[in-house]
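Working notes, beginning with the structure itself.
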Amino acid sequence: MGSIQVRSHPGHAYEQIWSSSKDYLVWYLLCSLAILATVLIILRFILRPLHRIETQAIAIAKREFPVIPTKIFTSEFKRIAKGMNFLSEKTQLMLSNAENLAHRLYNQVNHDATTRLATKKRFLEILNHRVEEHELFA
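Just so we're aligned, residue -5 is where the sequence shown starts under the working numbering, counting upward by one.
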């Protein structure tokens, strides 16, 4: 009888392994990019209320007092939004009260309580201002 001798060449096996590895790497990168894009979209959606809260804080610093809607999906941001709305309302109230008090005190200092006429000090201030203004345009 005859004998058969089989010799294998590892090059073909290595070629298949390399080809499979490249395919898996491409699929891995594509899936990673798809997952990354999905996560970024979800994060942008979740963090949108944080941008509104930041805008509200900047507006409060500019003496504007907006109230942001509390229809927020995450409970943490909802609590922060409610707190910021409370801060906005209370700050507006405090500043309004302080401005009213300052106006009342200014009127008490510069106007006589009985006659409601300007006090001597205020009268002289107004007179000096008008004289200086007239001199500038004369």
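A virtual CB, placed ideally from N, CA and C, is assigned to each residue, including glycine.
Being a predicted model, the structure only gives us computed values, none of them experimental.
{"Item": "Who does residue 96 pair with in a DSSP beta bridge?", "Value": "None; residue 96 has no bridge partner."}
{"Item": "Assuming the contact rule is C-beta atoms closer than 8 angstroms, residue 82 and residue 54 should be a hit. Round their C-beta distance to whole Å, please.", "Value": "6 angstroms"}
{"Item": "Identify, in the order they occur along the chain, each residue of the same chain with its Cβ nearer than 6 angstroms to the Cβ of residue 72, setting aside the five sequence neighbours on each side.", "Value": "64 and 66"}
{"Item": "Taking C-beta to C-beta, are residue 46 and residue 35 nearer than 7 angstroms?", "Value": "no"}
{"Item": "Let me know the secondary structure DSSP gives residue 28 once reduced to three states.", "Value": "helix"}
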